[in-house]
Each structure stands twice: as C-alpha cells, then as structure tokens.
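Chemist: Take this structure first; my questions come after.
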Amino acid sequence: MKSFIVGGYCRDKLLGIPSKDIDYVVVGSSIEEMLAQGFQQVGCDFPVFLHPETKHEYALARTERKSGNGYQGFVCDFNPSISIHEDLLRRDISINSIAYDEETNTYIDPCNGIEDIKNRVIRHTGKHFAEDPVRVLRVARFLARYHKLGFIIHADTLEYMKSLVTSGELKYLTKERIVLEIQKACTEDNPELFFETLYNIGAFQDVFGFSMKKYKLEQFMFHIQTLNKSFEYIIPAMQFYVDNDAFSKFMNKYVFPIEVKGNYIRVCTTHAFFVDFENINSAVNFYNLVGARRYNEKAVNDFFHIVSFVTHKRHLDDVKYKLFTAMKNIKDAMKKFTMENPKLEGYLIKEHFDKTIKESLS
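Given below as structure tokens:
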C-alpha cells in the first residue's frame, strides 16, 4: 500500500499558487484494508475515504472503460494491481494528471503535464477524456481560471471537444452537473471565457437550451466583466441577450439557488421601468418589484449592479438615491401610520402605503 498526492494540488504547486485541498491516490490496497486501518468511506460511486486524523481524501487507484453514454457510461476497475501511472492516464487533462511522491520527493508525470504547465497549455490526456462529457465544461472553466496566467486550450483539444459535442455526448449530462459547472465558472477570474469557449465549440445550445448571436455574446462578455464574479449576478444578466421565452425555459429547467432566481425575476419584471421611467405608476411598480417594499437593501443593490451596464447608467444613480431615500421615508411613515391606526383593515393600509410611495417617488 502506497499513497501519492494527485491532481489540483500538484498543478497549483507547480504554478506557485496556493491550493485548497490535498487529495491522495492509494495503490496496492483494497476497500477492506482501508476500512481496517480506520479510514472512513465516503464515496458511493468510487471508493473514496477520509483519513482518520487529517480528514484528507484518499481514493483507490482505478482505471475506467467506456461502456455507454454519459457520466454513468463506463466501467471502473479498482484492482490493487493498478499502478499510479494507469490511474493518471484516465484523467481529463495533462496538468491534472500529475502525482507527487512524498517519500522520494519526485513527480510522476506520464502525460507531460509539467511541460504543458511550462508552456501554459490545457491539453486532454487522450481518448479517456471522452469517458465523462462534463470534462468539456471543465476545460472551458479551467481556461476561465488560468487565462490570466497565459494558458490557452490546445488546438487538438478544442477539436476533440467539438467532436464530443457533435456526437451528442453533452445531451447525457445531468442538470445538476451542468449547474455546478456553470456556478463554478462564474467565480473564476475570466468567466466570460467559459461562455465564449462553449459557444466556439458549438456546445452553447446543449448546455443552455438556447442559441445566442455572436454580437450578443460579445456584448454579454463585456457585461460580465462589469459584474461581481458570482452566479447570482452573471446568470440573470444573460437574459438581456437572448429570447425571453427561451431564457425563461432555461431558468425553469434547472434548479438554481434562490438568489439567482430572485435576481432573474427582478430584472425580468422591471425592464419596462427604463422605457417609461418618468411615469409614476411605473415607478411604484418598480419600487415593489425590486424588493424595496420589503426594505430588502441587498435585493435592490443586486438589481442595480446587474442592470447598470445595459442601461448605460442613464439616470441610474439618481434613481438609486431616490429609491433608498424613499425606502427610509416610507418605512418611517408606515410605522408611524400603523401605530396611530392599529385597527385599520389591511386593504386601507395598502392604499395608504401606495399613496405614500407615490408621494415619496414623485
């Protein structure tokens, strides 16, 4: 039984950047032996264990053989005779296919990942890349992460990714795995490159369920660069560049966090305000829809953060100032009104509330 540090830790160490996790691969062992030594099994699909003291993840070395479509379409072998080289060869890209032997202070690098790190290239390891179609999204995400360091995707890898899209492999991805990759991509340093890569290889339709014109994509990429690097801002902003019905189906198809859904609904339902922002009735609807009626300052700030790019900040700072001033004034006025009129019917309170909003926003 022997363990090696693998994957992201080795890659990031060679790049000279901090790595969050340390993962190990174990060769020459079995599930029974790992449990006997006090490791806790946590993996269902693959034998993954937590070290009894450090809680680092240890996985048994394995090989994979394609047997069907999608994530479940392959057979794994965890035989104790499988070597570290065999385990590394099954991985997605060369810079993730490096192991480190702590005992000998040496790297094991059967896919020339160290050379690719020096050359700043993201390159698939070989035919095993096709065993899990989510790797297409992962490569796009790694470009979004490491482009700032000068990385590009190898031309052969781009062509291979295109072939997987053409073969229909991405259609077998589960909704949960797609959302997870999009969510991670939105936090990278250049998330716009994730979307551009998927567009360039023809995967946009498979992933999002709608198409986007090239000039709209370019506008969206510029928009992304003005936003905080977060799922809850980038995804709602996408709706400005695609068909409304198609985007609505996309939002309903996937299970998004409540922050994403909330921002989407606020942006979607308040677009008319920027067309008719002098109309007081439009302003009242706007006040209610962006969350000001509930005095939700974060919701209101999120809304302005997302729409500032597409409105070119037209009257936006003035609108935002008036809105927050109105929120405070209305909150104070309504608190005083309800204390003075504790027995009023709810609809009368609402009428007074709407009247107070109009007076505050006029």
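Each residue of the sequence shown is one higher than the one before, starting from 127 at the first, in the numbering used here.
Here a beta-carbon is modelled for each residue, glycine too, at the ideal position from N, C-alpha and C.
None of these values were measured; they are calculated from a predicted model.
May I ask you to verify whether the segment 176-190 touches the segment 146-163, counting CB pairs closer than 8 Å and requiring at least 3?
Modeler: yes
Chemist: State the DSSP-derived secondary structure class of Lys181, mapped to helix, strand or coil.
Modeler: Locating residue 181 in the sequence shown gives position 55, where the first residue counts as 1. DSSP places Lys181 in coil when its eight states are reduced to three.
Chemist: Ignoring anything shorter than 4 residues or poking outside the segment 128-187, list the alpha helix (DSSP H) runs there in chain order.
Modeler: 134-141 and 157-162
Chemist: Within 10 angstroms of its Cβ, does Thr180 collect 16 or more other Cβ (buried), or is it exposed?
Modeler: Taking the first residue of the sequence shown as 1, we reach residue 180 at position 54. Taking all protein chains in view, the Cβ of Thr180 is surrounded by fewer than 16 other Cβ atoms within 10 Å, so the residue is classified as exposed.
Chemist: What distance in whole Å lies between the Cβ atoms of Ile131 and Tyr226, which are believed to be in contact at a cut-off of 8 Å?
Modeler: Working through the sequence shown from its first residue, we reach residue 226 at position 100. Working through the sequence shown from its first residue, we reach residue 131 at position 5. That pair is a contact at about 4 Å.
Chemist: Grab the span of the beta strand (DSSP E) containing Asp227 for me, first residue to last.
Modeler: The residue given as residue 227 occupies position 101 in the sequence shown. Asp227 -> beta strand (DSSP E) spans Ala225 to Asp227.
Chemist: Taking Thr232 as part of the beta strand (DSSP E), name the residues at either end of that continuous run.
Modeler: Locating residue 232 in the sequence shown gives position 106, counting from the first residue. Thr232 to Ile234 is the span of the beta strand (DSSP E), which, as asked, contains Thr232.
Chemist: Assuming Val433 is part of the alpha helix (DSSP H), what are its boundary residues?
Modeler: Taking the sequence shown and counting its residues from 1, one reaches residue 433 at position 307. Residues Glu423 to Val433.
Chemist: With three or more C-beta pairs closer than 8 Å as the rule, is the segment 228-241 touching the segment 255-263?
Modeler: no
Chemist: Under 8 Å between the Cβ atoms of Tyr341 and His431?
Modeler: Here residue 341 refers to the residue found at position 215 when the sequence shown is read from its first residue. Here residue 431 refers to the residue found at position 305 when the sequence shown is read from its first residue. Contact flag unset, no.
Chemist: Among Lys339, Cys312 and Lys379, which has the Cα closest to the Cα of Thr352?
Modeler: Locating residue 352 in the sequence shown gives position 226, counting from the first residue. Here the closest residue by C-alpha is Cys312.
Chemist: Using 10 angstroms around the beta-carbon of Met287, count the other beta-carbons present and answer buried if the total reaches 16, otherwise exposed.
Modeler: Against the sequence shown, residue 287 aligns to sequence position 161. Buried: at least 16 other Cβ atoms inside 10 Å.
Chemist: For Asp203, list the residues DSSP reports as bridge partners.
Modeler: Position 77 of the sequence shown, counted from the start, is the residue given in the question as residue 203. Note: Asp203 sits in a beta bridge opposite Thr189.
Chemist: Which of the three DSSP states is assigned to His280 in this structure?
Modeler: Within the sequence shown, the letter at position 154 stands for residue 280. Of the three classes helix, strand and coil, the one that applies to His280 here is coil, per DSSP.
Chemist: Do Thr251 and Ile219 have their beta-carbon atoms positioned less than 8 Å apart in this structure?
Modeler: To locate residue 219, count along the sequence shown from 1; it is residue 93. To locate residue 251, count along the sequence shown from 1; it is residue 125. Contact: yes.
Chemist: State the beta-bridge partners of His250 as determined by DSSP.
Modeler: Taking the sequence shown and counting its residues from 1, the one referred to as residue 250 is at position 124. Partner(s): Ile219.
Chemist: May I ask you to report which of helix, strand or coil DSSP gives Val401?
Modeler: Here residue 401 refers to the residue found at position 275 when the sequence shown is read from its first residue. With a pLDDT of only 49 at Val401, under 50, the local geometry of the prediction cannot be trusted, and the value read off the model is given with reservation. DSSP places Val401 in coil when its eight states are reduced to three.
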